[in-house]
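The next block holds one structure in the form of structure tokens; read it before the comments.
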Amino acid sequence: MLLLLLSAAATVQFGLMDVSANAQIPSWFEQWYSASVRRSVERQASSVTPLAPATDAEVIGGGRLYLNDCVGCHGEPGKPPSEFGATFYPRVPQMTAKGTDYTENQIFWIAKHGIRRTGMSAQSDGYSDQKLRLLTAFISRLRTMPPETMRAIVAQAKPAQQSAEPKK
Amino acid sequence: MKIFWLGFLAAIFVLPLAVATYFRLGFADVQSDTPPSTWESKIMGVAVRQAIVRRATQQPPADLENEERLVEGGKLYVNGCAGCHGELDKPPGKDWSHFPPVPQLPAIGTHYTAAQSYWIVKHGIRMTAMSAYGPFYSEQQLWGIAAFLQNIRSLPPGVQERILAKPASPPASN
């Protein structure tokens with residue numbers, strides 16, 4: 000046991016640990032890491048008061064926020080995956096390509112509090128709970144949204160792109 | 000003897016397995032809006048620093064600190080880095096929205112050498128919000144940023160003004 004701790008300490012002290020972000024991520028690590036994050040989010044997001052069902056207007060409002068602030072890392076609807084998102088370690092999940100398995104409450108919790116040791120920062124400084132609610136409504140429907148609804152949201156959002164500050 | 004080896008193996012496997020299971024069952028906090036604990040910062044700080052010292056072996060260009068390079072690097076900093084690492088002409092804030100918090104460079108400078116800053120910007124730091132910028136900047140630009148960071152707390156007179164100067168507005172039509 001002592002030997003193990005000592006060798007771990009030596010790895011750290013002699014700089015043998017690879018810290019570069021642009022390296023291949025071993026698949027066992029990615030699986031273990033994302034499963035661990037998921038379990039923790041499930042545990043902590045259970046304290047979020049269940050969100051009321053979103054109206055269409057709220058989904059559209061959330062789409063506008065997403066297109067302003069999240070696309071840089073998480074991917075733009077109808078475009079190839081974000082090249083910027085691919086330079087993080089762990090990689091940034093591509094929402095528009097894959098959607099998400101998290102529930103609305105969990106998405107709300109993640110956007111508000113962030114995920115430590117990733118590029119995902121806590122957004123509660125720039126976003127009120129009401130705005131987070133809109134964003135959540137949009138993101139949770141990414142997979143099931145008919146393509147024409149998405150196109151309408153993109154078309155509506157284009158003129159309003161000077162609002163909120165970009166967050167990375 | 001058999002017992003001894005069993006004990007030996009148990010010691011090697013039990014601890015990592017226990018740690019992996021602790022995380023896998025979701026007992027670790029994941030929210031990024033709280034400061035890291037001191038021991039975590041210490042261990043990770045040493046790991047990152049020593050790894051970079053070992054890997055950043057590229058020689059900087061001979062005229063690293065020439066003023067044009069500082070200005071070019073400074074402009075890249077203002078456009079691409081200041082959003083997280085702090086504005087040049089604003090009072091420093093504290094970043095608790097990322098975990099670990101992003102170093103506020105105009106306030107604290109950096110103790111990394113130019114070659115090390117170059118390496119960090121190019122390759123990023125895993126398990127932090129610092130992504131790899133190698134695909135987006137040329138070698139010349141990476142060294143510009145590194146040179147600027149070396150001098151961020153002691154820029155030669157006039158350089159900060161040149162960095163922050165707005166580009167000349169295009170001549171008005173008619």
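Chains A and C supply the protein sequences, listed in that same order.
Each residue of the first sequence is one higher than the last, beginning at 0 in numbering that gives the first Met the number 0.
Each residue of the second sequence is one higher than the last, beginning at 0 in numbering that gives the first Met the number 0.
The beta carbon of each residue, even a glycine, is placed where N, CA and C say it ideally should be.
Just so we're clear, the structure is a prediction, and the values are computed from it rather than from any experiment.
Exercise for review: Using three-state DSSP, classify N67 of chain A as helix, strand or coil.
Suggested key: Within the first sequence, the letter at position 68 stands for residue 67 of chain A. Looking at N67 of chain A - three-state DSSP - the assignment turns out to be helix.
Check your understanding: So with Cβ pairs under 8 Å, would you call L16 of chain C a contact of chain A?
Key -> Start at 1 with the first residue of the second sequence, and residue 16 of chain C comes out as number 17. Cβ-Cβ to chain A under 8 Å: no for L16 of chain C.
Review point. Expressed to the nearest angstrom, what Euclidean distance is found between the alpha-carbon atoms of L4 of chain A and S153 of chain C?
Key: As a working note, residue 4 of chain A is residue 5 in the first sequence. As a working note, residue 153 of chain C is residue 154 in the second sequence. Those two C-alpha atoms are separated by around 42 Å.
Review point. For R132 of chain A, which three-state DSSP category applies?
Key: Within the first sequence, numbered from 1, the residue matching residue 132 of chain A stands at position 133. Helix.
Point to revise | Rounded separation between P92 of chain A and A110 of chain A - CA only | key: Taking the first residue of the first sequence as 1, we reach residue 92 of chain A at position 93. Taking the first residue of the first sequence as 1, we reach residue 110 of chain A at position 111. So the two alpha carbons sit approximately 13 Å from each other.
Check your understanding: What three-state label does DSSP hand D55 of chain A in the structure shown?
Key -> The residue given as residue 55 of chain A occupies position 56 in the first sequence. Three-state DSSP puts D55 of chain A in a helix.
Point to revise | 8 Å Cβ cutoff met for F13 of chain A and G61 of chain A | key: Indexing the first sequence from 1 puts residue 13 of chain A at position 14. Indexing the first sequence from 1 puts residue 61 of chain A at position 62. Result no, Cβ atoms of F13 of chain A and G61 of chain A do not sit closer than 8 Å.
**Study point:** Coarse secondary structure for M149 of chain A, derived from DSSP in three states
**Key:** Here residue 149 of chain A refers to the residue found at position 150 when the first sequence is read from its first residue. Helix, per DSSP.
Review point. Taking DSSP as the reference, what is the three-state secondary structure of A20 of chain A?
Key: Looking up residue 20 of chain A in the first sequence gives position 21. A20 of chain A: coil per DSSP, three-state reduction.
**Study point:** Exposed unless 16 or more other CB atoms sit within 10 angstroms - verdict on F12 of chain C
**Key:** Position 13 of the second sequence, counting from 1, holds the residue named residue 12 of chain C. So F12 of chain C counts as exposed.
Practice item. Flag N173 of chain C as yes if its beta-carbon sits less than 8 Å from any beta-carbon of chain A, otherwise no. Key: Position 174 of the second sequence, counted from the first residue, corresponds to residue 173 of chain C. With a pLDDT of only 47 at N173 of chain C, under 50, the local geometry of the prediction cannot be trusted, and no value is derived from it.
Practice item. To the nearest angstrom, report how far apart S31 of chain C and V36 of chain A are at their CA atoms. Key: In the second sequence, residue 31 of chain C corresponds to position 32, counting from 1. In the first sequence, residue 36 of chain A corresponds to position 37, counting from 1. Taking the straight line from one Cα to the other gives about 12 Å.
Check your understanding: Hey, is L24 of chain C's beta-carbon within less than 8 Å of any beta-carbon in chain A?
Key -> Position 25 of the second sequence holds residue 24 of chain C. Chain A, which has a Cβ nearer than 8 Å to the Cβ of L24 of chain C, makes this yes.
Check your understanding: Is it right to say D68 of chain A is buried, meaning 16 or more other beta carbons lie within 10 angstroms of its own, or is it exposed?
Key -> Indexing the first sequence from 1 puts residue 68 of chain A at position 69. Answer is buried; the Cβ neighbour count reaches 16.
Exercise for review: Report, in whole angstroms, the separation of the C-beta atoms of L64 of chain A and L141 of chain A, which I expect to be a contact under 8 Å.
Suggested key: Residue mapping note: residue 64 of chain A aligns to position 65 of the first sequence, counting from 1. Residue mapping note: residue 141 of chain A aligns to position 142 of the first sequence, counting from 1. Contact flag wrong, Cβ pair sits at about 13 Å.
Review point. To the nearest angstrom, how far is it from the Cα of K166 of chain A to the Cα of T99 of chain A?
Key: As a working mapping, residue 166 of chain A is identified with position 167 in the first sequence. As a working mapping, residue 99 of chain A is identified with position 100 in the first sequence. Because the pLDDT of K166 of chain A is 42, which lies under 50, any placement of that residue in the model is unreliable, and the question is left without a value.
Exercise for review: Would you verify that the beta carbon of P11 of chain A is, or is not, closer than 8 Å to some beta carbon of chain C?
Suggested key: Against the first sequence, residue 11 of chain A aligns to sequence position 12. In the sequence under discussion, the amino acid at residue 11 of chain A is Val, which differs from the Pro named in the question. Output row for V11 of chain A: interface = yes.
Exercise for review: Assuming G25 of chain C contacts R116 of chain A (C-beta within less than 8 Å), just tell me the rounded distance between them.
Suggested key: Within the second sequence, residue 25 of chain C is the residue found at index 26, counting from 1. Within the first sequence, residue 116 of chain A is the residue found at index 117, counting from 1. Not confirmed; about 15 Å, so no contact.
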